[in-house]
Amino acid sequence: MNRRRLGAGEPRFDLDGTLCVLRDNLGKADAFITVAEDLIEQCWDGSGDEGDDDNSVTRRRNQVAHLVESAKLAVRAAAYAGEAIASRRRGA
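Just remember that the numbering used here sits 183 ahead of the position in the sequence shown, which is counted from 1.
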């Protein structure tokens, strides 16, 4: 039986995978921000409030807050992926 031993080599950097993470997180952030902008327009200009109670407006404002927070997290993850790519290119 011929078995090769794998060395305890350094983990390989997955550039393609990291670029995908970067693109995915930037896309998520863009989507979250776009939807949040639409909800902000609805909540603060009064459109769509016909017959709605205060709970509906509060609920939409909470949705905006969650979308903005999710966008922030996606941007942070994209920034982290970008920094990983940059440090790899610098040879760190």
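Here a beta-carbon is modelled for each residue, glycine too, at the ideal position from N, C-alpha and C. As the structure is a prediction and not an experimental result, all values here were calculated from the model.
- Taking 8 Å as the upper bound for CB-CB distance, residue 204 and residue 254 are not in contact here, some 16 Å apart.
- Classified as buried, residue 215 has 16 or more neighbouring CB atoms from the shown chains inside 10 Å of its CB.
- Residue 222 sits close to residue 243, with the two beta carbons spaced by under 8 Å.
- The beta carbons of residue 219 and residue 250 sit closer together than 8 Å.
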